[in-house]
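Protein sequence lines, in the order shown, are assigned to chains A and B. Residue numbering for the first sequence follows this note's numbering, starting at 4 and increasing by one per position. Residue numbering for the second sequence follows this note's numbering, starting at 4 and increasing by one per position. Here's the structure we're looking at; comments come further down.
There are 2 protein chains.
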Amino acid sequence: MRRGRDAGGAAGQVATALREEILGGRLPGGSPVREQDVAERLGVSRTPVREAVSRLVAEGLLIKDGNHTAHVFRPSLAELLEIYEIRMPLESLAARLACTGADEAFLDRLEAAGRALTEARSGVDWSVKHEAFHMCLVAGSRRPRLEALVRTLRVQSEPYVRLGLAFDADFGERARRDHEDIVRLVRARAADELEDLVRRHLEATSSRVSTLLEDHQMPPPPPAPGRAT
Amino acid sequence: MRRGRDAGGAAGQVATALREEILGGRLPGGSPVREQDVAERLGVSRTPVREAVSRLVAEGLLIKDGNHTAHVFRPSLAELLEIYEIRMPLESLAARLACTGADEAFLDRLEAAGRALTEARSGVDWSVKHEAFHMCLVAGSRRPRLEALVRTLRVQSEPYVRLGLAFDADFGERARRDHEDIVRLVRARAADELEDLVRRHLEATSSRVSTLLEDHQMPPPPPAPGRAT
DNA sequence: GCACACTACATTGCATGCAATTGTGGGGGA
DNA sequence: TCCCCCACAATTGCATGCAATGTAGTGTGC
Numbered sequence: 004m005r006r007g008r009d010a011g012g013a014a015g016q017v018a019t020a021l022r023e024e025i026l027g028g029r030l031p032g033g034s035p036v037r038e039q040d041v042a043e044r045l046g047v048s049r050t051p052v053r054e055a056v057s058r059l060v061a062e063g064l065l066i067k068d069g070n071h072t073a074h075v076f077r078p079s080l081a082e083l084l085e086i087y088e089i090r091m092p093l094e095s096l097a098a099r100l101a102c103t104g105a106d107e108a109f110l111d112r113l114e115a116a117g118r119a120l121t122e123a124r125s126g127v128d129w130s131v132k133h134e135a136f137h138m139c140l141v142a143g144s145r146r147p148r149l150e151a152l153v154r155t156l157r158v159q160s161e162p163y164v165r166l167g168l169a170f171d172a173d174f175g176e177r178a179r180r181d182h183e184d185i186v187r188l189v190r191a192r193a194a195d196e197l198e199d200l201v202r203r204h205l206e207a208t209s210s211r212v213s214t215l216l217e218d219h220q221m222p223p224p225p226p227a228p229g230r231a232t
Numbered sequence: 004m005r006r007g008r009d010a011g012g013a014a015g016q017v018a019t020a021l022r023e024e025i026l027g028g029r030l031p032g033g034s035p036v037r038e039q040d041v042a043e044r045l046g047v048s049r050t051p052v053r054e055a056v057s058r059l060v061a062e063g064l065l066i067k068d069g070n071h072t073a074h075v076f077r078p079s080l081a082e083l084l085e086i087y088e089i090r091m092p093l094e095s096l097a098a099r100l101a102c103t104g105a106d107e108a109f110l111d112r113l114e115a116a117g118r119a120l121t122e123a124r125s126g127v128d129w130s131v132k133h134e135a136f137h138m139c140l141v142a143g144s145r146r147p148r149l150e151a152l153v154r155t156l157r158v159q160s161e162p163y164v165r166l167g168l169a170f171d172a173d174f175g176e177r178a179r180r181d182h183e184d185i186v187r188l189v190r191a192r193a194a195d196e197l198e199d200l201v202r203r204h205l206e207a208t209s210s211r212v213s214t215l216l217e218d219h220q221m222p223p224p225p226p227a228p229g230r231a232t
């Protein structure tokens, strides 16, 4: 288990804990994150919390409004589209690199990740496996920086994918076929087709999610339940 | 002058100061950065320094080795190549977006930046103008995240461009023609050609710089002389 | 002469206390 | 009744002190 970032210290643990809470939806987009609260909740002082908040701001998971208070990042539609615009060339590049440099061990890992994704049942389970599958593909590029960038961007937009899946049954089926094709194309070393498929896969997700955001009048509130009406 | 990041506080000023010192070469690649030193040098306590170091680590300008000590980032050849691999699709995408969405004001700014670049004399001046020109192009995409990403990546690899220019007179001439063509293609709204040109421009720089690194047995020591006592 | 252990130091990480700034609520006046 | 001003509370930013950890240098034993 490579938890390379956020190594041992208290600050790293705080960062990990906050990340979990945000991605798990317990901290919905837009929620203010106060140092004192987090410090008491996790049983540390404010100093490592400040450090952790700094990192998460750098990762784009938190933002600081003009008055220095940190909020959970909640992308607008335009921001979401921009993130996908950036992800497209990055992830398709990673797929190409992974494809040309694929060895047998990588193919096995990717196939296993694909099977796990297919067998996923619940929405959150699917989301986790989906993330793992795509990050496996990206990791196959053997480009640490590229991998880190893509992870950050995916984390910022991932809650919306769950949203898309929840509202559109057909969405999951199309995604499933795409994932099967991805494994197939990697096996066939068809780098060009793979690159194109990854791009179209993201393009589809992007337009699907944005349509949903518009249709459902969901301006921003993405990730979690809770929303006291 | 939009210096949006690193707002007013002491931590932001420390971050800016450190960034200047690194980019200016007064802190060569690989130098250790000790909190106490920086704090005394800039007349603040260690706390804002820690904050600043955190940000710069997130930006990739500093790295922390296993024992928590921060060093100025000094990319290996492989890392440098990876950065260029990432920059290529990102900057070519930005160029395309800037091209399709260009208005008259933007064209004027870009042309001015191009003229300033042409008229630059000294190496450091050219470097600054070169950065400004390309970032002007990227800013024309009107994608804040894309712009931030590219800025970070360029900052990490920029010292090597200076290196390339210093050792290869022909390099500057080729770059000059490329920059002229970039302005021309934006004016002509030739998005496809522009995207391709930007990619080839970066490709050329990448291979040029890496050849130089190999030839001159310059494993890493990039940026500048000076080394503050 | 070499190897190993021990000590002293340098450096980072964390906790706590204080200053500064901002948002907000209440009260007074027009 | 509405608006403005003042004061207080909440929150972040900064400084300082202390603890832990890793390292280098030295001294001793083999």
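Idealized CB from N, CA, C, for every residue including glycine.
Exercise. Using a Cβ cut-off of 7 Å, which residues of the stretch 54 to 81 of chain B contact any Cβ in chain A, in chain order?
Worked result: Glu54, Ser57, Arg58, Ala61
Problem set entry | Three-state class that DSSP yields for Leu65 (chain A) in the structure shown | strand
For this session: Establish whether the CB of Glu150 (chain A) and some CB of chain B are separated by less than 8 Å.
Result: no
For this session: Would you kindly check if the distance between the Cβ of Leu120 (chain A) and the Cβ of Phe136 (chain A) is under 8 Å?
Result: yes
Exercise. Where does His71 (chain A) land, buried or exposed, given buried means 16+ other C-beta within 10 angstroms?
Worked result: exposed
For this session: Provide the residue span of the beta strand (DSSP E) that contains Val75 (chain B), from first to last.
Result: 73 to 75
Exercise. Could you give the distance in angstroms between the alpha-carbon of Ala61 (chain A) and the alpha-carbon of His204 (chain B)?
Worked result: In a straight line, the C-alpha of Ala61 (chain A) is about 29 Å away from that of His204 (chain B).
Exercise. Applying the criterion that 16 or more other CB atoms from any shown protein chain within 10 Å of the CB defines a buried residue, is Ala115 (chain B) buried or exposed?
Worked result: exposed
For this session: Let me know if Val153 (chain B) comes out buried or exposed under the rule of 16 or more other beta-carbons within 10 Å of its beta-carbon.
Result: buried
Exercise. Where does Pro35 (chain B) sit, in a helix, a strand or coil, going by DSSP?
Worked result: strand
For this session: Kindly indicate if chain A contains any beta-carbon less than 8 Å away from that of Ala183 (chain B).
Result: For the record, residue 183 (chain B) in the displayed sequence is Glu; it is not Ala. The beta-carbon of Glu183 (chain B) is placed no less than 8 Å from the nearest beta-carbon of chain A.
Problem set entry | Alpha carbon of Gln16 (chain A) to alpha carbon of Pro51 (chain A), nearest angstrom | 9 Å
Problem set entry | Cut-off 6 Å between Cβ atoms - residues of its own chain near Pro35 (chain B), not counting five sequence neighbours on either side | Thr72, His74
Exercise. Which of helix, strand or coil does DSSP assign to Ser144 (chain B)?
Worked result: coil
For this session: Starting from the beta carbon of Leu93 (chain B), find every residue of chain A whose beta carbon is closer than 8 Å, and list them in chain order.
Result: Ile89, Pro92, Leu93
For this session: Can you say whether Pro78 (chain A) is buried or exposed, counting buried as having 16 or more other CB atoms within 10 angstroms of its CB?
Result: buried
Exercise. Does Ile25 (chain A) come within less than 8 Å of chain B when only Cβ atoms are used?
Worked result: no
For this session: Look at the Cβ atom of Leu156 (chain A), then the Cβ atom of Ile86 (chain A), and state whether they are nearer than 8 Å.
Result: In terms of Cβ geometry, Leu156 (chain A) and Ile86 (chain A) form a close pair [threshold 8 Å].
Exercise. Going along chain B in order, which residues have a C-beta closer than 9 Å to the C-beta of Leu96 (chain A)?
Worked result: Glu88, Ile89, Met91, Pro92
Exercise. Going along the chain, which residues of its own chain have a beta-carbon closer than 6 Å to the beta-carbon of Arg2 (chain B), five neighbours each way excluded?
Worked result: The displayed coordinates of chain B run from 4 to 232. Any statement about residue 2 (chain B) would go beyond what the structure contains.
Exercise. Is it a yes or a no for the stretch 137 to 144 of chain B touching the stretch 94 to 106 of chain B, going by three-plus beta-carbon pairs under 8 Å?
Worked result: yes
Exercise. What first and last residue would you give for the alpha helix (DSSP H) that runs through Pro92 (chain B)?
Worked result: Per DSSP, Pro92 (chain B) belongs to the alpha helix (DSSP H) from 80 to 103.
For this session: Use the C-beta contact count for Glu54 (chain B): other C-beta atoms within 10 angstroms, 16 or more gives buried, fewer gives exposed.
Result: buried
For this session: Thinking Val189 (chain A) and Leu113 (chain A) are a contact (beta carbons under 8 Å), I'd like their distance in whole angstroms, please.
Result: 6 Å
Exercise. Closest by CA to Gln39 (chain B), which one among B:Gly33, B:Ala101, B:Val47?
Worked result: B:Val47
Exercise. Glu38 (chain B) CB to nearest chain A CB: under 8 Å?
Worked result: No, Glu38 (chain B) does not count as interfacial toward chain A.
Problem set entry | Span separating the alpha-carbon of Arg230 (chain B) from that of Glu122 (chain A) | Low per-residue confidence applies at Arg230 (chain B): pLDDT is 32, beneath 50, and the placement is therefore not dependable, though the value from the model is reported in the following sentence. Using only the alpha carbons, I get a separation of about 58 Å.
Problem set entry | Beta-carbon neighbours of Glu85 (chain B), restricted to chain A and to distances below 8 Å | Taking a Cβ-Cβ threshold of 8 Å, the residues of chain A close to Glu85 (chain B) are Arg146, Pro147, Arg148, Leu149, in chain order.
Exercise. Do you know how far the Cα of Asp173 (chain B) is from the Cα of Glu196 (chain A)?
Worked result: 38 Å
Exercise. Between which two residues does the alpha helix (DSSP H) carrying Leu110 (chain B) extend?
Worked result: 107 to 122
Exercise. So which of B:Glu150, B:Val158, B:Leu215 has the shortest CA-CA distance to Gly32 (chain B)?
Worked result: B:Val158
Exercise. Can the beta-carbon of Ala18 (chain A) be found closer than 8 Å to that of Leu45 (chain A)?
Worked result: no
Exercise. Since Glu161 (chain B) contacts Glu134 (chain B) with CB under 8 Å, what's their CB separation in whole angstroms?
Worked result: 6 Å
For this session: Could you check what DSSP says for Val17 (chain A) in three-state terms: helix, strand or coil?
Result: helix
Exercise. Using DSSP with H/G/I as helix, E/B as strand and the rest coil, what is Val158 (chain A)?
Worked result: DSSP places Val158 (chain A) within a helical segment (H, G or I) once states are collapsed to three.
Problem set entry | Ser209 (chain A) classed as buried or exposed, judged by whether at least 16 other C-beta atoms fall within 10 angstroms | buried
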